[in-house]
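Novice:
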Amino acid sequence: KTMAAECLTTLTEQWIRERLQLKHPRLGDVRTLSLPGTYEEKIRHLGNGLNNFVRLKSLDLSCNALVSVEGVQHLKMLERLILYYNCIPCLEEVKVLFELPSLKELDLRLNPLAKNYPQYRPYLVHAMPSLRILDGCSVRNTERKDALLQFSSDLLPQQLSSSLNLDEDRRYGKHKILNVNEVFLCTRIYGISEFTSQGSYRKPLEMLLNLVDKHWTGERSLHQNNNFLSQAVQILSMMESDISSREVEVKTLRRETDALRFQAAAREEEHKTEVHNLSAQLEEARRAGKLNEQLRIVLEENVALQKQLIKLERQYLKSMMKSSPITQIRGGSLVATNECLLAELKGSGEH
């Protein structure tokens, strides 16, 4: 692109408002921005112009003069980014896009990086798992799997450039070795690290990788190398026996788990029965307590009535003795008779 220096600009909020005649006070409500370059003016740097567009989902910056996308990394809700026909020189300048978890569509066509890195597509597919459309073409599952095998997570863009631009006559030799090394590097990163916690898988895998490194020269297939095959069979047999022993161990653990579950269920049932019995006993005790309280009240009332009855009987007897003369005479004669009897007893005692 050839343009005068005065045509290049750094993006600002004021510039965006004037360009789009945007009068809405809250930039956070904006979901789509279209800022393609014009013949008179093109964007060179994003600066802080997009800082307040926090809910932006679609951004079109095509036909500008951008050399970097620094300034979009805070747009966490961004799903679509069009950078068609800009001046982005290398993959290093788009690494900030890896921080956008929602980005699904990206267009980098007609940028210098497309020429400098002719196979940048698998690298971006590998580095951006959420990407669904790249340069107008859908990302297929097979393409994503191939990218995973081809590139490790720590592969630098500089290494990618040097590996992808090898001469055609060296690709069958050194380039093939490089790809094999990348595959096994990926295996070490994604494979052994996953088996680290499983103990015995780590050693056989390392032995197998070391064996490949020892015998593979890039000149001929290992299928006819009997020395390699015999040692590989031993390593794989060791892994197979280990897997068999682990299967037996897993079956034993499953049986023990089932037994423990059965015991736990039985204990839970016993516990429920015991709780039910205790609840019934508690309810019965509560009812007995209520009956005892009622009985105590009745007995107290009975005692009070008996005392009242005795008192009334005494009052009745007193009133009867006072009101009946016959009773008084009989009472007097009885007293006299008693006195006579006492006198006779005393007399007989003296004799």
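Heads up: the sequence shown runs through residues 1295 to 1645, numbered per this note's numbering.
In this text, a Cβ means the ideal position worked out from N, Cα and C, and glycines have one as well.
(1) Which stretch, first to last residue, makes up the alpha helix (DSSP H) that contains Glu1564?
(2) Got a sec? Which residues, its chain only, sit under 8 Å from Pro1330 by beta carbon, not counting five neighbours each side?
(3) Between the alpha carbons of Glu1476 and Leu1418, how many angstroms are there, rounded?
(4) Taking the alpha-carbon positions, what's the Asn1571 to Gln1609 distance?
(5) Using DSSP with H/G/I as helix, E/B as strand and the rest coil, what is Arg1338?
(6) Beta strand (DSSP E) containing Ile1382: first to last residue?
(7) Check whether the stretch 1400-1420 and the stretch 1431-1438 touch, using three or more Cβ-Cβ pairs below 8 Å as the test.
(8) Per DSSP, which one or two residues make a beta bridge with Leu1428?
(9) Between Gly1641 and the ligand MN, is there a pair consisting of the residue's CB and a ligand heavy atom that are separated by less than 7 Å?
(10) Just checking my contact of Pro1406 with Cys1381 at CB under 8 Å: how many whole Å lie between their CB atoms?
(11) Where Arg1548 and Ser1539 are concerned, what is the direct C-alpha to C-alpha distance, given to the nearest angstrom?
(12) For my contact list, Lys1389 and Ile1427 are in at a C-beta cut-off of 8 Å; report their separation, rounded to the angstrom.
(13) Taking the alpha carbon of Thr1306 as the reference point, which residue from Leu1611, Asn1345, Asn1521 and Gln1315 has its own alpha carbon closest?
(14) By DSSP, does Lys1374 sit in helix, in strand, or in coil?
(15) Go ahead and label Arg1581 buried or exposed: buried means 16 or more other beta carbons lie within 10 angstroms of its beta carbon, across all protein chains shown.
(16) Any idea which residues DSSP pairs Ser1328 with across the strands?
(17) Relative to the C-alpha of Asn1519, which residue among Val1506, Ser1531 and Ile1529 is closest?
(18) Taking Leu1418 as part of the alpha helix (DSSP H), name the residues at either end of that continuous run.
(19) Taking C-alpha atoms, which residue in Gly1430, Ala1421 and Gln1557 lies nearest to Gln1444?
(20) Note down the Cα distance separating Leu1321 from Glu1364, rounded to an integer number of angstroms.
(21) Can you give the Cα-Cα distance for Ile1337 and Arg1313, rounded to whole angstroms?
(22) For Leu1407, name the three-state secondary structure that DSSP assigns.
(23) In the structure shown, what three-state DSSP assignment does Leu1302 receive?
(24) With DSSP run on the structure shown, which of helix, strand or coil describes Asn1504?
Specialist: Well, looking at it:
(1) Boundaries of the alpha helix (DSSP H) harbouring Glu1564: Asn1520 to Ser1617, taken from the DSSP string.
(2) Around Pro1330: Asp1354, Leu1355, Ser1356, Cys1357 and Asn1358.
(3) Below a pLDDT of 50, predicted positions are generally treated as unreliable, and Glu1476, at 41, falls in that range; no measurement from the model is reported.
(4) Distance between the alpha carbons of Asn1571 and Gln1609 is about 57 Å.
(5) In this structure, Arg1338 counts as strand in the three-state DSSP scheme.
(6) No beta strand (DSSP E) contains Ile1382, which DSSP labels as neither H nor E.
(7) Touching, yes, given that three or more Cβ pairs across the two stretches are closer than 8 Å.
(8) Leu1400 and Cys1431, per the DSSP bridge assignment.
(9) Only the bare structure without any ligand can be found here, which leaves the ligand MN out of the picture.
(10) Right, their Cβ atoms sit about 6 Å apart.
(11) Approximately 14 Å, taken between the alpha carbons.
(12) Distance from Lys1389 to Ile1427 at the Cβ level is roughly 20 Å; contact not present, criterion being Cβ atoms closer than 8 Å.
(13) Considering only alpha carbons, the answer is Asn1345.
(14) Reading the sequence as shown, one finds Arg at residue 1374 and not Lys. Arg1374: strand per DSSP, three-state reduction.
(15) That one is exposed.
(16) Answer by DSSP bridge pairing, in chain order: Asp1354.
(17) Ranking the options by Cα distance to Asn1519, first place goes to Val1506.
(18) Secondary structure note for Leu1418: its alpha helix (DSSP H) is the uninterrupted segment Tyr1414 to Ala1421.
(19) Ranked by Cα distance from Gln1444, the first of Gly1430, Ala1421 and Gln1557 is Ala1421.
(20) Going by the C-alpha atoms only, they are around 19 Å apart.
(21) The alpha-carbon of Ile1337 is positioned some 12 Å away from that of Arg1313.
(22) If DSSP states are grouped into helix, strand and coil, Leu1407 belongs with the helices.
(23) In the structure shown, the three-state DSSP call for Leu1302 is strand.
(24) In the three-state reduction of the DSSP assignment, Asn1504 falls in the helix class, which pools H, G and I.
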